[in-house]
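Here the structure comes first, spelled out in structure tokens, and everything after it is commentary.
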Amino acid sequence: MLHRRSTCLAALLGSTAMVTSAAPASVINVPADAPTITIAINIANSGDEIVVAPGTYFEALNLNGKTLAIHSTDGPETTIVDGFGQFKPVIRIITGEGPSTLISGFTIRNGVATAAAPGDRGGGIYCNLTSPTIENCILMGNQAIVGGGFYANGGTPTLVGCQFIDNSATSSVGDGGAAYLNATTANFTDCSFLENSAARIGGAVRLASSSGIYTRCEFVGNQAGTNGGATDFNGTTSLSYFGCRFTGNSAGALGGAVVSATGSVPAPAFSNCIFDGNMATTTGGAVHIANGAKAELNNCTLAGNTSGGSGGAIFSTGSGAATVRNCIVWGNTPTGIVGTNTTIFTCHQGAIAGTGNIVSDPLFADAEGGDLHLTTGSPCIDAGNTTLLSASLGTDFDGAPRAVNVVEVPMGVAAYGYFIDMGAYEFPAAPVPPSCPGDLNNDGVVNGADLGLLLGAWGLCPP
81 MLHRRSTCLA
91 ALLGSTAMVT
101 SAAPASVINV
111 PADAPTITIA
121 INIANSGDEI
131 VVAPGTYFEA
141 LNLNGKTLAI
151 HSTDGPETTI
161 VDGFGQFKPV
171 IRIITGEGPS
181 TLISGFTIRN
191 GVATAAAPGD
201 RGGGIYCNLT
211 SPTIENCILM
221 GNQAIVGGGF
231 YANGGTPTLV
241 GCQFIDNSAT
251 SSVGDGGAAY
261 LNATTANFTD
271 CSFLENSAAR
281 IGGAVRLASS
291 SGIYTRCEFV
301 GNQAGTNGGA
311 TDFNGTTSLS
321 YFGCRFTGNS
331 AGALGGAVVS
341 ATGSVPAPAF
351 SNCIFDGNMA
361 TTTGGAVHIA
371 NGAKAELNNC
381 TLAGNTSGGS
391 GGAIFSTGSG
401 AATVRNCIVW
411 GNTPTGIVGT
421 NTTIFTCHQG
431 AIAGTGNIVS
441 DPLFADAEGG
451 DLHLTTGSPC
461 IDAGNTTLLS
471 ASLGTDFDGA
481 PRAVNVVEVP
491 MGVAAYGYFI
501 DMGAYEFPAA
511 PVPPSCPGDL
521 NNDGVVNGAD
531 LGLLLGAWGL
541 CPP
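The sequence shown begins at 81 in our numbering and counts up by one.
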């Protein structure tokens, strides 16, 4: 039902148009009040809410500068905006929309932006000088020359809980398979970048003169034809990754997961991040740092990465340099860290200069299976330098508290009497919550038997 202070009826004119004006509305339901999302946008006023029922909507949307909250009732798995046959971005947000503009709960797929510029960018969503909020969306199977799934020029978009799957940047200059950010400050939280590809640079994300924060994001199986299997950035002004995982990404030349190109000040920082199973054909199996570029890695774990040349984990060239602190670099091929870098309080396979470094096996739980938690007896436990820990790193990759003292005679450096571990995980590992907490006897059923156990233990706990 279309809810208004004074109800008015809108009549369809033929099969494609409604009356051209509508009284201010608070909620427009699709298809109950408007047969398509496009018509709902056209009759809406800024501040309105558009609620979309499950279905597949073959449309290309333009928000036309309106501040709208557009969301589905049942989530992205059942509510799809499909750009098939449109040959343009599925959603355009290009007329000054701000952070109160919300897109939530849709699969956005089959957008194609391969025309002449600016029609060559953002197959899924194209933003120009705008700052929308995108939540709980799946951008899948979109393509463009730059920014296959998402493109932003300027603005401060926010993306939360989104998945970028099988998007591509095509042609010989294709950059940013999932996303391309130009002069943009974009924050991504709890997002997944899965199996995206770029013909040239940035299999998942390419950043040019941009900044932002990536929190608890995963980059898995992305591919770049040349550099930056997961991401490539240059000229960034403030770029941070917290608790992110880069797994199984590949590059045809440099940086299986990450390339830090020139001119980023301050240095992009990776904290509590995991790099495993990434591959570069030339150098920098996980991370490649170009001449004049910088990067910081704090409490990160780099394992099982490979390069065809040098620096299975990290490679820096010329005046490029990484600062590596409280990390674990183990099991990378053919070498770990190569170049003029600063490495301290790090577990590195093979001797490397720097204070507090160790060369002993970190004793991962199951490196081949991707479980890089530390196990009992690991030399990395309490071997980090707590004074290097920033306030934002009070928890580890799992969200468990840092600085859990375990070893009687720690090798690390304490702060206020507390020691931290090397790598992305703190030992002991955070307990896994039970999948069925009421099943006290673990028989797969919550029933009277469990209640009997609870009642039998009722009362004061023993001293």
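All residues carry an ideal CB built from backbone N, CA and C; glycine is no exception. A quick note: this is a predicted structure, and the numbers were derived from the prediction, not measured.
Which whole-angstrom value is the C-beta distance of residue i and residue j, which I expect to be below 8 Å?
i: Gly365; j: Gly336; result: 5 Å
i: Asn267; j: Thr238; result: 5 Å
i: Gly172; j: Leu141; result: Note that residue 172 is Arg in the sequence shown here, rather than Gly. Contact holds; Cβ gap of about 7 Å.
i: Gly400; j: Gly388; result: The Cβ separation is near 19 Å, so there is no contact.
i: Gly227; j: Gly202; result: 5 Å
i: Asp603; j: Ala373; result: Shown here, the chain extends from 81 to 543; a query on residue 603 therefore has no answer.
i: Ala258; j: Ala224; result: Rounded, the Cβ-Cβ distance is 11 Å, inconsistent with contact.
i: Leu454; j: Tyr498; result: That belief does not hold up - the Cβ atoms of Leu454 and Tyr498 are roughly 17 Å apart, past 8 Å.
i: Phe507; j: Val486; result: 6 Å
i: Ile369; j: Ser396; result: 4 Å
Pick out whichever of the options has its Cα sitting closest to the Cα of residue i.
i: Cys242; options: Ala266, Thr250, Glu215; result: Glu215
i: Thr426; options: Gly503, Glu139, Ile117, Thr466; result: Gly503
i: Gly204; options: Val131, Thr187, Ala196; result: Thr187
i: Thr386; options: Trp410, Gly398, Gly539; result: Trp410
i: Gly283; options: Val132, Gly229, Gly389; result: Gly229
i: Thr467; options: Arg405, Glu488, Gly419; result: Arg405
i: Ala331; options: Thr316, Thr317, Gly308; result: Gly308
i: Ser470; options: Thr342, Asn412, Glu376; result: Glu376
i: Thr403; options: Asn412, Gly391, Thr422, Thr413; result: Thr422
i: Ser184; options: Ala232, Tyr206, Thr213, Thr175; result: Thr213
i: Ser106; options: Thr361, Ser126, Ala112; result: Ser126
i: Ala548; options: Gly323, Val489, Asn371, Gly392; result: The structure shown has nothing for residue 548, since the chain only spans 81 to 543.
i: Ile130; options: Thr153, Thr136, Gly145; result: Thr153
i: Phe299; options: Val253, Pro348, Thr265, Phe244; result: Phe244
i: Val345; options: Ala370, Thr317, Gly178; result: Thr317
i: Ser289; options: Gln303, Gln166, Tyr260, Thr269; result: Tyr260
i: Gly254; options: Ala279, Val338, Leu540, Asn378; result: Ala279
i: Asn437; options: Phe444, Cys460, Thr456, Gly449; result: Cys460
i: Gly305; options: Thr265, Ser252, Ala349, Thr264; result: Ser252
i: Gln303; options: Met491, Gly398, Gly191, Asn358; result: Asn358
i: Leu274; options: Asn109, Cys297, Ala431; result: Cys297
i: Leu143; options: Gly135, Ile123, Val338; result: Ile123
From residue i to residue j, what distance separates their C-alpha atoms?
i: Phe138; j: Asn276; result: 23 Å
i: Cys271; j: Asp246; result: 14 Å
i: Gly301; j: Gly256; result: 14 Å
i: Asn465; j: Ala495; result: 8 Å
i: Asn208; j: Gly234; result: 6 Å
i: Gly416; j: Thr381; result: 12 Å
i: Val525; j: Ala537; result: 19 Å
i: Ser101; j: Ser211; result: Bear in mind that a pLDDT of 48 at Ser101, under 50, signals an unreliable position, so the model cannot answer this.
i: Thr295; j: Tyr321; result: 6 Å
i: Ala341; j: Thr311; result: 11 Å
i: Val493; j: Ala447; result: 27 Å
i: Ala196; j: Tyr231; result: 15 Å
i: Gly474; j: Arg482; result: 5 Å
i: Ser458; j: Thr361; result: 32 Å
i: Lys146; j: Ala112; result: 21 Å
i: Thr158; j: Ser440; result: 50 Å
i: Asn52; j: Cys516; result: Outside the shown range of the chain, which is 81 to 543, sits residue 52, and nothing can be said about it.
i: Phe164; j: Leu219; result: 14 Å
i: Phe477; j: Ala347; result: 21 Å
i: Glu177; j: Tyr206; result: 12 Å
i: Gly221; j: Asn371; result: 35 Å
Does the Cβ of residue i lie closer than 8 Å to at least one heavy atom of the ligand COA?
i: Asn485; result: As presented, the structure is devoid of all ligands, the ligand COA included, so that no description of it is given.
Looking only at DSSP bridge pairs, what is residue i linked to?
i: Met220; result: Arg189, Ile245
i: Asn378; result: Ser351, Arg405
i: Thr327; result: Val300, Asp356
i: Asn233; result: Asn208, Asn262
i: Phe444; result: Leu454
i: Cys427; result: Ile408, Ile438
i: Val253; result: Answer is none; Val253 lacks a bridge partner.
i: Glu215; result: Ser184, Val240
i: Ile417; result: Ile394
i: Asp162; result: Phe138, Arg189
i: Gly292; result: Leu319
i: Asp312; result: Arg286, Val339
Using a threshold of 9 Å, state whether the C-beta atoms of residue i and residue j are closer than that.
i: Val367; j: Ile408; result: no
i: Ile121; j: Ile160; result: no
i: Leu319; j: Ser351; result: no
i: Ile500; j: Asp451; result: no
i: Arg325; j: Ile281; result: no
i: Asn314; j: Leu334; result: no
i: Lys168; j: Ala133; result: no
i: Asn412; j: Gly434; result: no
i: Thr236; j: Pro156; result: no
i: Ile293; j: Thr264; result: no
Comparing the C-beta of residue i with each C-beta of chain D, is any distance below 9 Å?
i: Val439; result: Although the question refers to chain D, the structure presented lacks it and comprises just one protein chain.
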